[in-house]
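Below is one structure, written out as structure tokens; comments come after it.
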Amino acid sequence: MNIRQANKADEDAIWDIFRAVIAPGDTYVFAPNMPREEALAYWFRADTYTYVAESDGRVVGTYILKPNQPALGSHVANAAFMVSPSARGLGAGRRMGEHCLAEARRLGFRAMQFNFVVATNEPAVRLWQQLGFSIVGTLPSAFHHAQRGFVDAYVMFRTLETVV
Ligand SMILES: CC(C)(COP(=O)(O)OP(=O)(O)OC[C@H]1O[C@@H](n2cnc3c(N)ncnc32)[C@H](O)[C@@H]1OP(=O)(O)O)[C@@H](O)C(=O)NCCC(=O)NCCS
29 MNIRQANKAD EDAIWDIFRA VIAPGDTYVF APNMPREEAL AYWFRADTYT
79 YVAESDGRVV GTYILKPNQP ALGSHVANAA FMVSPSARGL GAGRRMGEHC
129 LAEARRLGFR AMQFNFVVAT NEPAVRLWQQ LGFSIVGTLP SAFHHAQRGF
179 VDAYVMFRTL ETVV
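So the working numbering is basically just the index in the sequence shown, starting at one, shifted up by 28.
This is how it looks when you write it as structure tokens:
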């Protein structure tokens, strides 16, 4: 698997993954019918590093890395990950997570925070815990899950000052 910075030519592949991930309304707050242009504008914002993971020349996942806050909070990174439904459980999420932590360190971030991990999203919660993140807060009923109704969301955090 090859992970590299994304470019304009990856937009179609990223959008395919993005829309498949948001459609069920179970992991991200984005409206399940979010328009393509809005999604790509968010994924390629000026303060954002955008990556894709390729397997056999096909884009199977994408992630973004950015400062979680401006200025005096900008030493803490934030990131978001999406793996194609057809490529789940094959290690792409873990590889991107590890890559992201290395990139964040390389770029000088001191910690990483996920602001909104849906508590029912077991694959994500488990993966982030395995990569050294702790649940530092619970936002009660903060996510309106398309099937389960109002469920909790976690704030997850880890320092980057120790080796992964
Ligand atoms: C979360 C996500 C990125 C994981 O990517 P993935 O490529 O499927 O995960 P991997 O194959 O790398 O698996 C890594 C770990 O994730 C966890 N995991 C993956 N699939 C899982 C499942 N079905 N149930 C429980 N844990 C699971 C496990 O901890 C696994 O490690 P293990 O196999 O050693 O136990 C992917 O499921 C995804 O894109 N989900 C939709 C979007 C999303 O939820 N993004 C994260 C928002 S915080």
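Quick reminder that beta carbons are idealized off the backbone N, C-alpha and C, glycines included.
Pull the bridge partners of residue i from the DSSP assignment, please.
| i | result |
| --- | --- |
| Q33 | Y79 |
| M124 | In DSSP, M124 forms no bridge with anything. |
| L93 | Y77 and A107 |
| F58 | In the DSSP output, where bridge partners are listed per residue, F58 has none listed. |
| R86 | S83 |
| Q141 | F185 |
| S162 | F185 |
| L167 | A181 |
Under the three-state reduction of DSSP, which class applies to residue i: helix, strand or coil?
| i | result |
| --- | --- |
| S112 | coil |
| G101 | helix |
| V192 | For V192, the pLDDT reaches just 49, beneath the cut-off of 50, and the residue's location in the model is therefore unreliable, although a value from the coordinates is still provided. In the structure shown, V192 sits in coil (DSSP, three-state: anything other than H, G, I, E or B). |
| R134 | helix |
| A174 | coil |
| L25 | Lying outside 29 to 192, the shown extent of the chain, residue 25 is not represented and no answer is given. |
| R118 | Residue identity check: residue 118 is Leu in the sequence provided, not Arg. It is coil, neither helix nor strand. |
Within 10 angstroms of its Cβ, does residue i collect 16 or more other Cβ (buried), or is it exposed?
| i | result |
| --- | --- |
| V192 | Caution is warranted here: a pLDDT of 49 is assigned to V192, below 50, making its placement in the model unreliable, and the coordinate value is therefore given only provisionally. Exposed, because fewer than 16 other Cβ atoms sit within 10 Å of the Cβ of V192. |
| V49 | buried |
| V57 | exposed |
| V80 | buried |
| T187 | exposed |
| T90 | buried |
| N149 | buried |
| D38 | buried |
| G85 | exposed |
| G121 | buried |
| L135 | exposed |
| E131 | buried |
| G125 | buried |
| A107 | buried |
| S112 | buried |
| A147 | buried |
| H173 | buried |
| A74 | exposed |
| T55 | buried |
Can you name the start and end residues of the alpha helix (DSSP H) that residue i belongs to?
| i | result |
| --- | --- |
| V49 | E39 to I50 |
| A67 | R64 to W71 |
| A147 | Element bounds for A147: n/a, residue is neither H nor E. |
Mind checking which residues open and close the beta strand (DSSP E) that includes residue i?
| i | result |
| --- | --- |
| Y182 | G177 to T187 |
- Shell residues, 6 Å Cβ cut-off relative to heavy atoms of ligand 1: V49, T55, F109, M110, V111, R116, G117, L118, G119, A120, G121, R122, F142, V145, N149, E150, P151, A152, R154, L155 and Q158
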